[in-house]
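Comments concern the structure below.
There are 4 protein chains.
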Amino acid sequence: MPSRTGRHFLQIPGPTNIPDRVQRAIAAPTIDHRGPEFAELTLRLLPCLEAVFGTSGPVVIYPASGTGAWEAALVNTLSQGDRVLCFETGHFATLWHRMALSLGLDVDLVPGDWRHGADPEALRLRLAADPRHTIKAVCVVHNETSTGVTSRVQELRRTLDEAGHPALLLVDTVSSLACIDYRHDEWGVDVTVAGSQKGLMLPPGLGFNAIGERALAAARTARLPKSFWDWQPVLDANEHGFFPHTPATNLLYGLDEALRMLREEGLPEVFARHARHAAATRTAVKEWGLEVLCLDAREYSGSLTAVLLPEAHDAEKVREVILDRFDMSLGAGLGRLAGRVFRIGHLGHLNDLTLAGALAGVQMGLQLAGVPVPSAGLDAALDVLRTG
Amino acid sequence: MPSRTGRHFLQIPGPTNIPDRVQRAIAAPTIDHRGPEFAELTLRLLPCLEAVFGTSGPVVIYPASGTGAWEAALVNTLSQGDRVLCFETGHFATLWHRMALSLGLDVDLVPGDWRHGADPEALRLRLAADPRHTIKAVCVVHNETSTGVTSRVQELRRTLDEAGHPALLLVDTVSSLACIDYRHDEWGVDVTVAGSQKGLMLPPGLGFNAIGERALAAARTARLPKSFWDWQPVLDANEHGFFPHTPATNLLYGLDEALRMLREEGLPEVFARHARHAAATRTAVKEWGLEVLCLDAREYSGSLTAVLLPEAHDAEKVREVILDRFDMSLGAGLGRLAGRVFRIGHLGHLNDLTLAGALAGVQMGLQLAGVPVPSAGLDAALDVLRTG
Amino acid sequence: MPSRTGRHFLQIPGPTNIPDRVQRAIAAPTIDHRGPEFAELTLRLLPCLEAVFGTSGPVVIYPASGTGAWEAALVNTLSQGDRVLCFETGHFATLWHRMALSLGLDVDLVPGDWRHGADPEALRLRLAADPRHTIKAVCVVHNETSTGVTSRVQELRRTLDEAGHPALLLVDTVSSLACIDYRHDEWGVDVTVAGSQKGLMLPPGLGFNAIGERALAAARTARLPKSFWDWQPVLDANEHGFFPHTPATNLLYGLDEALRMLREEGLPEVFARHARHAAATRTAVKEWGLEVLCLDAREYSGSLTAVLLPEAHDAEKVREVILDRFDMSLGAGLGRLAGRVFRIGHLGHLNDLTLAGALAGVQMGLQLAGVPVPSAGLDAALDVLRTG
Amino acid sequence: MPSRTGRHFLQIPGPTNIPDRVQRAIAAPTIDHRGPEFAELTLRLLPCLEAVFGTSGPVVIYPASGTGAWEAALVNTLSQGDRVLCFETGHFATLWHRMALSLGLDVDLVPGDWRHGADPEALRLRLAADPRHTIKAVCVVHNETSTGVTSRVQELRRTLDEAGHPALLLVDTVSSLACIDYRHDEWGVDVTVAGSQKGLMLPPGLGFNAIGERALAAARTARLPKSFWDWQPVLDANEHGFFPHTPATNLLYGLDEALRMLREEGLPEVFARHARHAAATRTAVKEWGLEVLCLDAREYSGSLTAVLLPEAHDAEKVREVILDRFDMSLGAGLGRLAGRVFRIGHLGHLNDLTLAGALAGVQMGLQLAGVPVPSAGLDAALDVLRTG
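Chains as they are written, first to last, in UniProt numbering: chain A, 1 to 388; chain B, 1 to 388; chain C, 1 to 388; chain D, 1 to 388.
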């Protein structure tokens with residue numbers, strides 16, 4: 001029976017492992033957030049951050065979680081009673097939907113089976129049924145963290161364009177930014193929502209809104225009450241490198257370093273690495289004779305893989321055994337998937353051998369929990385890593 | 001001409017200097033925020049945090065700044081159009097007032113001269129003029145960070161009680177918590193708002209609401225739209241040591257350590273230390289022949305001292321000289337005090353010799369900036385430190 | 001082709017991976033090494049350190065590497081021209097032998113094939129041939145870091161005892177302390193030499209001598225010139241918690257924390273963990289159809305496994321591929337083993353999944369370097385980890 | 001009575017305060033000391049380190065304290081029975097003298113009063129009395145850490161040159177390197193000894209020998225036994241960026257960063273800063289009516305100031321009060337100065353306000369300990385800082 005030693009394997013789909021460089025950056029002394037050194041930091045940061053979103057436009061940084069950034073996206077662009085279209089792609093899409101309701105929006109939810117992304121055809125039909133453009137915004141979770149399904153944002157945009165529908169496109173990239181190819185400007189997204197604790201390799205505590213021009217225009221007339229989340233004071237203060245609220249200085253140090261690391265690796269290489277690790281993971285799952293929750297190969301997630309267990313087995317039991325015996329954290333099944341799936345995060349600061357160790361742990365844990373899986377799973381994953 | 005070396009003197013009234021112990025605690029690896037180790041952390045934290053607020057009731061922690069916690073206090077207890085009473089004690093009171101307006105509240109502002117705290121007599125008159133109890137909440141900044149004036153919260157409470165007025169008492173303790181004596185329960189405060197980056201000796205990034213029973217009751221009927229800030233899901237999840245949103249894990253590590261440090265020192269000792277450092281600072285100011293902005297000795301702040309310069313001098317010039325020559329950051333005059341005052345923070349992780357160094361820097365900086373002050377200022381401050 | 005990201009796999013046989021807790025302990029501010037806080041640290045440390053050596057006697061800490069601690073063992077116990085018996089168990093034994101020569105000792109070297117430990121029978125013969133007890137010391141490397149062979153110290157001791165020979169027994173435990181069962185007192189070792197950077201999970205920079213009573217007695221008459229290495233001033237100063245030279249304060253912080261971690265896990269559990277990881281590794285090697293360098297199962301090392309490649313293959317090529325493709329450092333073949341073996345360190349702060357990842361990397365690297373090994377190697381290792 | 005909080009004032013003459021940047025550099029993960037990344041580090045480091053010594057020649061780095069580096073200087077250049085000339089400038093000179101004796105050298109000690117540096121005239125006389133050049137080395141402590149007296153190395157060199165005497169000049173710069181102007185090559189020093197924990201702003205744990213050509217030549221014939229300290233294997237391995245022993249990797253990270261900081265500030269600026277802080281300190285001491293131990297203004301130390309108390313007072317009492325009341329560590333009187341002096345370190349990572357705080361603490365502590373000193377001391381020091 002092994003003891004608890006060595007480095008914990010944090011293979012949940014976020015928060016992810018903080019690189020040592022980032023950890024040390026964060027541990028620097030806090031400085032005056034109204035002084036010249038701070039302004040330099042902000043003005044150096046912002047363009048690099050924008051590049052990660054694929055935008056030349058503004059990105060607002062909140063000292064808040066990604067959930068807060070969702071709220072910011074809504075309250076800056078919408079007014080009480082506005083109609084909003086959400087897609088039930090999984091647990092987080094459901095939460096965002098619930099938030100929209102709480103804020104007093106009129107929300108249509110396109111139902112889903114939690115195994116597919118937002119359906120462009122369903123969107124087409126909803127838009128066609130809205131000739132008077134009462135739908136003000138379409139909310140999509142790019143990579144659904146609860147299911148490991150990546151919606152095809154480009155196709156959704158095309159559908160909006162083809163319908164000539166002016167609804168804003170709001171996209172949650174909390175678990176895809178800096179993991180899965182994403183382009184705010186090129187894809188015509190209006191507001192991109194993100195957080196610090198996944199592909200950006202930081203602890204939780206920063207939320208982001210990348211804001212397109214149409215969203216900025218919408219913000220001028222949006223009437224949902226807002227103060228903390230209001231974009232405008234942030235945009236104004238950012239001009240000179242400052243913030244209207246006290247910024248999370250130490251996380252900004254970390255962000256500065258994390259952005260440096262992403263530039264060093266190169267965004268295309270970052271995306272390719274995630275895709276490769278995801279492919280290796282799915283290969284293992286399939287060789288184990290288990291099911292990847294995501295049913296459409298076009299929607300496989302580069303960030304995480306949700307594994308569906310046969311009915312007879314309890315995914316929570318598997319997670320417990322793995323935590324207990326191998327000191328590895330995996331993601332639980334959320335909402336209606338509770339007990340049915342576990343989720344392997346393979347995003348952020350990760351490399352082949354850590355993934356190999358993680359998959360070895362999953363394989364051994366499944367076996368110990370009584371889910372009979374062959375060792376061919378890991379072998380096949382290693383083939384992908386070795387040859388890919 | 002000195003070079004930039006040694007440790008920066010961060011003597012703004014927050015963010016404050018992070019103790020090494022806290023810095024290192026924050027640098028620990030992020031863990032699974034849904035795992036058992038995290039739950040232990042939360043359940044260990046919360047009672048200790050409550051003790052700092054002087055409450056046995058719940059304290060909600062947000063991954064957000066203190067400004068966010070202001071918003072939380074309002075949206076959880078009030079409804080659109082509710083009448084709220086604010087006191088214009090300084091810049092931050094004004095910002096909170098503006099926030100209340102933005103959120104759709106009907107705000108009465110008791111004007112002030114920025115040199116006094118919230119006036120109990122003014123409150124008495126306002127309450128007397130409100131026999132039908134249309135005022136739903138009274139918002140007070142305990143320690144006004146822009147002026148160094150500490151309002152007498154207990155007297156305000158007594159005034160409310162004597163008037164038999166049911167308005168909630170919401171108090172901002174961002175720059176007083178763990179610096180200046182404060183007792184949420186004993187003083188009958190309904191919501192106490194705080195942040196991490198001052199007396200709690202953490203980087204910015206956590207906001208707090210201590211919630212009294214009357215506020216919890218009010219929350220049940222409050223109708224301002226809310227989601228991220230909603231207390232209830234946090235209270236529910238906290239029961240088991242979790243959070244509904246992704247918590248700022250690494251700052252919670254820091255909070256755990258900071259609370260340990262506060263317990264080691266003892267809250268009464270923490271308050272006495274701040275009072276002593278404040279007394280030494282005011283002594284220096286007076287011996288320099290300058291004016292402490294705060295005019296009422298009962299309202300002197302233990303956290304910071306705002307120094308008013310004679311008309312002929314520019315406080316910004318003084319701050320620049322001090323930053324440039326002595327690598328010390330002081331607080332600027334904010335709002336209507338811009339250029340007229342500078343602020344010396346003496347809160348958080350501070351000791352006699354650091355304060356002595358800071359006051360030496362202020363004295364030399366004033367002299368270099370052409371404000372003729374005698375060295376008796378520092379001498380007198382040292383007398384206080386030596387004998388106090 | 002993978003990018004360089006994630007945590008480096010440091011699987012050399014030391015320095016080993018520093019636990020986060022230790023890293024953070026080391027980053028604490030340096031204190032006055034002549035003050036009361038420092039004395040407390042030393043007096044707390046020393047008994048815990050002694051327990052790890054299995055001794056109740058003194059352990060001297062040098063601000064130096066393990067090599068320095070070798071020198072200390074020799075110069076404190078021996079005089080110019082003294083006869084010393086060394087065993088050629090591998091590269092490090094050879095270096096120690098060379099050091100003894102440099103210091104002016106008369107050294108007999110028992111030749112060896114670098115695949116066995118120090119041979120008790122050879123020792124018996126040498127002692128038998130020395131009726132006049134001209135041999136003053138026997139130097140043995142407990143775990144030979146260059147070969148992964150662990151000498152049977154207890155049997156060597158017994159041989160000395162049976163021969164009634166008074167030679168001192170000096171043992172190098174640089175790569176076995178806190179990895180492989182070792183008992184200074186019980187086994188009658190006279191001087192145990194160790195370093196910080198292996199089982200103690202610290203960066204390099206501390207060397208140790210555990211000193212038995214006979215060695216202390218020998219030190220009184222030993223005449224090799226010495227000053228820095230002289231035990232006596234250290235022992236005298238340690239009485240009060242101090243050191244005669246400036247101690248490596250920050251590494252002592254780390255040592256304090258590492259000793260805490262070892263106590264938490266329990267030394268028997270630490271040894272069992274190392275043995276288990278070593279067994280898993282050897283299982284992989286054998287299933288790969290490769291040879292473990294160590295030929296005697298009684299001498300298998302718990303700390304590292306040296307893998308002998310077939311003649312046709314270049315071990316350096318394998319290491320290069322693995323470093324390049326999988327960002328893992330393995331140990332090179334040293335001295336006469338250069339190019340023939342590579343060494344897998346599995347000591348220090350390690351767990352099952354990290355080992356699994358490391359073995360996966362070795363397997364893939366061998367395959368990429370053209371050494372045809374079956375994936376059954378890793379599979380078999382995982383069987384050990386899963387069932388062991 | 002103040003509590004223990006805020007940052008400790010470490011004003012001993014070393015170890016000095018570690019800059020945050022250096023602390024964080026040291027906390028990076030240990031890497032393979034035989035890998036390419038390590039070689040890069042060494043090869044980047046060494047030229048920068050040489051520049052700090054003012055030499056183009058080799059500097060050997062030991063994973064050891066400065067005391068060890070003393071021993072290295074002796075055993076590499078001298079043979080048993082060689083005659084060596086030492087100057088009794090203070091406690092550390094005495095220790096070095098004692099070490100030379102322990103190593104079997106024949107040592108002449110020029111007596112001293114511990115208030116002056118090594119006397120060039122005394123040297124002239126000793127050399128004149130040695131026409132047969134039996135003196136093989138002259139050992140001088142550049143800055144005597146126990147007294148705050150800086151010997152005039154250039155004059156000593158000139159004296160040797162004028163005498164045409166071939167003795168090697170060995171200089172200890174443990175507390176002067178990167179504090180006080182020093183030039184190994186230009187001044188014709190043969191071996192310069194240093195440590196990491198003072199002007200280099202690192203924790204203790206590295207010792208240095210800068211080696212001139214004549215010393216290298218001497219090393220070829222020196223016969224004192226040596227192994228760990230032997231220069232040659234280090235010089236050989238350094239060619240390729242490696243070390244023959246396990247190097248103190250994490251301290252080398254810190255050294256890399258510290259050297260970067262010194263380059264950023266500029267060595268002339270570093271020296272000027274130290275001189276300025278020393279001048280301010282002496283000004284305070286004189287205004288307090290106390291005596292600076294150093295009697296010759298040409299020999300004032302830039303690194304520390306030893307303060308001599310009137311007979312009636314106990315310096316240890318003063319230090320205790322200051323540690324207890326103001327959490328500041330000062331240096332004790334060592335050897336024959338015990339109880340008579342205390343030492344203020346003003347070296348390393350220091351700035352004006354920290355020095356001001358330290359001097360304020362000394363002033364208050366003296367007063368509390370019953371040594372009547374006027375506050376004019378600190379005032380005068382501030383005048384120096386303000387105008388200098």
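C-beta: ideal position from N, C-alpha, C; glycine also.
Item: Near-chain B residues of the segment 96 to 113 of chain C (beta-carbon distance less than 7 Å), N- to C-terminal order; Value: none
Item: Residues near D82/C by beta carbon distance below 6 Å, same chain, minus five either side; Value: L105, K136
Item: As assigned by DSSP and simplified to three states, the class of C48/C; Value: helix
Item: Reduced DSSP category for K136/A - H, G, I as helix; E, B as strand; rest coil; Value: strand
Item: Within-8 Å CB hit, R220/D to chain C; Value: no
Item: Cβ-based burial, R336/C [other Cβ within 10 Å; buried from 16]; Value: exposed
Item: Given 8 Å, three or more beta-carbon pairs between the segment 52 to 60 of chain A and the segment 185 to 197 of chain A; Value: yes
Item: Residues near G289/A by beta carbon distance below 7 Å, same chain, minus five either side; Value: V373
Item: Cut-off 6 Å between Cβ atoms - residues of its own chain near A210/B, not counting five sequence neighbours on either side; Value: F53, T55, V59, H184, T192
Item: N- and C-terminal bounds of the beta strand (DSSP E) containing V60/B; Value: 59 to 62
Item: Exposure label - G266/C; buried when at least 16 CB within 10 Å; Value: exposed
Item: Residue span of the alpha helix (DSSP H) that contains A258/D, given as start and end; Value: 249 to 265
Item: As assigned by DSSP and simplified to three states, the class of F242/B; Value: coil
Item: Cut-off 8 Å between Cβ atoms - residues of its own chain near H97/C, not counting five sequence neighbours on either side; Value: C86, E88, V107, L109, C139
Item: Residue 389/C: first and last residue of the uninterrupted alpha helix (DSSP H) it sits in; Value: No information on residue 389/C is available, as it lies outside the stretch 1 to 388 that chain C covers here.
Item: Segment contact flag, the segment 162 to 171 of chain C with the segment 309 to 325 of chain C, C-beta cutoff 8 Å, min 3 pairs; Value: no
Item: The segment 287 to 302 of chain A touching the segment 114 to 122 of chain A, judged by at least three CB pairs closer than 8 Å; Value: yes
Item: Own chain residues within Cβ distance below 7 Å of R340/A, not counting five before or after; Value: L308, L309, A315, G333
Item: Buried/exposed call for E71/A, threshold 16 Cβ in 10 Å; Value: buried
Item: Those residues which DSSP pairs with residue 398/B across a bridge; Value: Because residue 398/B is not part of the residues shown, which for chain B are 1 to 388, the question remains open.
Item: Simplified DSSP assignment, three categories, for M364/B; Value: helix
Item: Residues that F342/D contacts on chain B, provided the C-beta gap is smaller than 8 Å; Value: Neighbours of F342/D on chain B: none; closest Cβ ~16 Å, over 8 Å.
Item: Closest by C-alpha distance to G205/C, when choosing among T387/C, L41/C, Y62/C; Value: Y62/C
Item: Neighbourhood of A376/D by C-beta distance below 7 Å, restricted to the same chain and skipping five residues each side; Value: E287
Item: Status (buried if at least 16 other CB within 10 Å, exposed otherwise) for G35/D; Value: buried
Item: Identity of the residue in A69/D, A369/D, L255/D, G207/D nearest P47/D by Cα; Value: L255/D
Item: Between the CA atoms of A93/C and A122/C - distance to the nearest angstrom; Value: 16 Å
Item: For Q11/D, the first and last residue of its enclosing alpha helix (DSSP H); Value: Looking at the DSSP string, Q11/D is not in any alpha helix (DSSP H); the run it does join, the beta strand (DSSP E), is 9 to 11.
Item: Partner residues on chain A for H349/C, Cβ-Cβ distance less than 8 Å; Value: T5, G6, R7
Item: Sub-8 Å separation of A248/B and L170/B beta-carbons; Value: no
Item: For M328/D, the residue or residues it bridges with in DSSP; Value: F9/D
Item: Bridge-paired residues (DSSP) for F342/A; Value: V307/A, A332/A
Item: Exposure label - T150/A; buried when at least 16 CB within 10 Å; Value: buried
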